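Going by the numbering used here, the sequence shown opens with residue 2, and the numbers climb by one from there.
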Amino acid sequence: MAGPKHSCGVVGMNATYNVVPSLQRALLVIQHRGQESAGLSVFDGKYVQTIKNNGLVDAVLNENSLRSISGNCGVGHVRYSTTGSHGAINAQPLTVQSVKGTVAIAHNGDITNYHALRENYFKQGWSFLTDSDSEIIARILSKHLYSTDEPFAAIREMMSELDGAYALAIMINGRLFGVRDPHGIRPLCIGKTEGGHIIVSESAALISLGAEFVRDVEPGEIVEIKDDIILSDKPKGPINKAHCMFEWTYFARPDSVMDGRCVYDVRKKIGIILAREAPADVDLVMPIPDSGRAHAIGYSVESGVPYEEGFMKNRFVGRTFILPDQSARENAVAMKMNPIRSTIEGKRILIVDDSIVRGTTLMKLIKLLRSAGAKEVHVRIGCPPVIAPCYYGVDMKTRDQFIACTHTVDQIRQSIGADSLAYISIDGLVEALEIPKEDLCLACVDGIYPTRIDGEKYRYD
Ligand code: SF4
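Below, the structure written as C-alpha cells:
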C-alpha cells in the first residue's frame, strides 16, 4: 500500500472475431499495473488503427473512442513510466512502419542497456520520436525485419541486442507475438477463448474474459499467437530464471497465477511465515487495505490472533498518482484511510503491510491508529527491507529512496512510531514463494542482480 509504482501491463489477442472489446476488458483488469496512459492497436485486415492517450482505461478506451475501430488481432497497454517522460507521446502501443508492415509494440519492463543502444544508434544517424525504451525495441525489431524473412528470426536478433526486463506483445502486420526476456523477470501468460488466444501480463484478465489459462510464456521464449494454435521458439542452452519477487508480494492482483504460483496463496503464506518468525502478544491483526489483506489473514490463521478490518478505504478520493510530489501523494494516501474506532480503541494491534520503501505513509497510518485509541501498534512487513534499486521496470530507482539503506530496523520502528517492527526474512519469503531462490530476482532486497548492471553485483560472477 505504501509501496512503489509498477511500470506497465500488456495484452495481445488474435481471434476469429473483433478483439477490441476483449482487449479493453483485459486492460481494465490489469489497470493496477499502470494508470498513466492506456491504448490499443488493432489490425483491420489492411491497416493498423491505434487509440491511446494519457488517462485511465475507461477514459481513453470508452464506447465513443472505440466505436470506429475493429479487428481480429491487436495489442494493448497500460503505462506507468519508469523510463521516458510522462507525456502522451510515450503512451503505447508504439507503432512504426517496417518493411514487413506496421509493427505495434506493448512493453512491460525496462531495457537496462537503453542509453548505450540509443547512443550507438544516434551515431549511426538514427533519430527517435520519443525518449522511451520501448521505441528502441520497435526500431531494432524493424531493422531486423529488413534483413531476415521470418519474424521469429528477427525477434530473436532483436533480443540479442537487448538487456534487462521485457514482456512484449508485438503485432507485425497482423501477426501477433509474445516475448519474454531470457530471465522471465516480468510475467506473461497465454489464455484460450472460444475462437481465439490471448497473451496478457496477469492471468486475472483471463477470468474476466471467460478464457482458459493455457500456460506462462517461458523465459526467453517467443510465441506466435494465432486464433487456433500457438507456435513457439525457445532459446537454445541453459535458462537462468529470475522472476521478480515483487510481483507476488505487492504488484500483481491476488487472483493472478504467475509462473505456477497464485498470488493470494503466496501472500497468505508470507503472513503464516511472518507469524512464525515474528510473533507478537496482541489483541487483533489488521491489514493495510488492500494489498496487505492476504498477508494479514495468513498471520491471523497461524497465530490464532483474531483478524479485523480497522481501516476503511475512501475509494472515491482523487487519484494519488497524479499528484505532483511524493509528500503530496503520501498525504493523499493517508486521507484515503479512515480508522474504525470501535475496532481499534484500547486494543494492541498488529498491522501487516506488503512493503516499506520510505516509511512515511506507514508513519501516518500509525498516527491515525493511535488517534483512534490504539494501545499498541505493532508492524509486520511481508517483504524484506528494500536496500537496492530496481533496474527492471519498478519505480525504485535510487538508494536514497529507501529508508532501510540508512536506518536499522529499530531506527525505522522509531521513525514510523511503532511498538515493534519485523520484516519477513529472505529465506522466509523464498519459502512462501515455493520457487527455488536461484529462479527469483531478489535484487532490491539482497543487492545481487541477475543481469550485468554497472556498479552493481552480478549474480553469475
Ligand atoms: Fe523485482 Fe526487486 Fe528484481 Fe526489481 S529488483 S525485478 S522489484 S525483485
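Think of the CB as a built atom: it goes at the ideal place given N, C-alpha and C, for glycine as much as any other residue. All values derive from a computational prediction rather than experimental measurement.
Check	Outcome
Residue 424 to residue 384 span [Cα, whole Å]	6 Å
Bounding residues of the alpha helix (DSSP H) (the contiguous stretch that carries residue 190)	Counting along the chain, residue 190 falls outside any alpha helix (DSSP H), though it belongs to the beta strand (DSSP E) covering 190 to 194.
Reduced DSSP secondary structure (H/G/I, E/B, other) of residue 409	coil
Cβ neighbour criterion (16 or more within 10 Å) applied to residue 390	buried
Alpha-carbon to alpha-carbon, residue 337 and residue 123	46 Å
Counted within 10 angstroms of its Cβ, other Cβ atoms place residue 362 as buried (16 or more) or exposed	buried
Heavy atom of the ligand SF4 within 6 Å of residue 403 beta-carbon	no
Start-end ranges of the alpha helix (DSSP H) lying completely within the region 45 to 120, minimum 4 residues	58 to 61 and 64 to 67
Three-state secondary structure assigned by DSSP to residue 213	strand
Residue interval of the alpha helix (DSSP H) (run including residue 445)	444 to 447
Assigned exposure category for residue 406 - 16 Cβ within 10 Å defines buried	exposed
Limits of the beta strand (DSSP E) - the one that residue 314 falls within	312 to 314
Classification of residue 300 by the beta-carbon crowding that lies within 10 angstroms, buried from 16 upward	buried
Residue 18, DSSP secondary structure in three states	coil
Paired residues, beta bridge with residue 424 - DSSP	382
Residues near residue 376 by beta carbon distance below 7 Å, same chain, minus five either side	347, 348 and 349
Residue burial classification, residue 313 (beta-carbon count within 10 angstroms, cutoff 16)	exposed
Cα-Cα separation between residue 452 and residue 110, rounded to whole angstroms	13 Å
Where the beta strand (DSSP E) containing residue 225 begins and where it ends	223 to 226
Given 8 Å, three or more beta-carbon pairs between the region 221 to 238 and the region 5 to 24	yes
Contact between the region 270 to 278 and the region 410 to 430 (3+ Cβ pairs under 8 Å)	yes
Any non-hydrogen atom of the ligand SF4 within 6 Å of residue 247 CB	yes
Nearest-angstrom beta carbon gap, residue 364 and residue 418 [assumed within contact, 8 Å]	6 Å
Span of the alpha helix (DSSP H) around residue 153	152 to 162
Exposure of residue 116, with buried meaning 16 or more beta-carbon neighbours within 10 Å	exposed
Check: residue 395 C-beta below 6 Å from any heavy atom of the ligand SF4	yes
Residue closest to residue 238, alpha-carbon to alpha-carbon, out of 221, 210, 102 and 437	221
Beta-bridge partners of residue 262, as assigned by DSSP	259
Sub-7 Å separation of residue 358 and residue 387 beta-carbons	yes
Beta carbon of residue 267 nearer than 7 Å to that of residue 204	no
DSSP three-state assignment for residue 457, whether helix, strand or coil	coil
Contact between the region 142 to 153 and the region 206 to 222 (3+ Cβ pairs under 8 Å)	no
Nearest neighbour of residue 394, chosen from 245, 33, 183 and 177 [CA to CA]	245
The ligand SF4 heavy atom lying under 6 Å from the CB of residue 186	yes
Beta-carbon proximity of residue 145 to residue 159, cut-off 7 Å	yes
Contacts around residue 196, its chain only, beta-carbon distance under 8 Å, and the 5 residues preceding and following it disregarded	16, 17, 18 and 228
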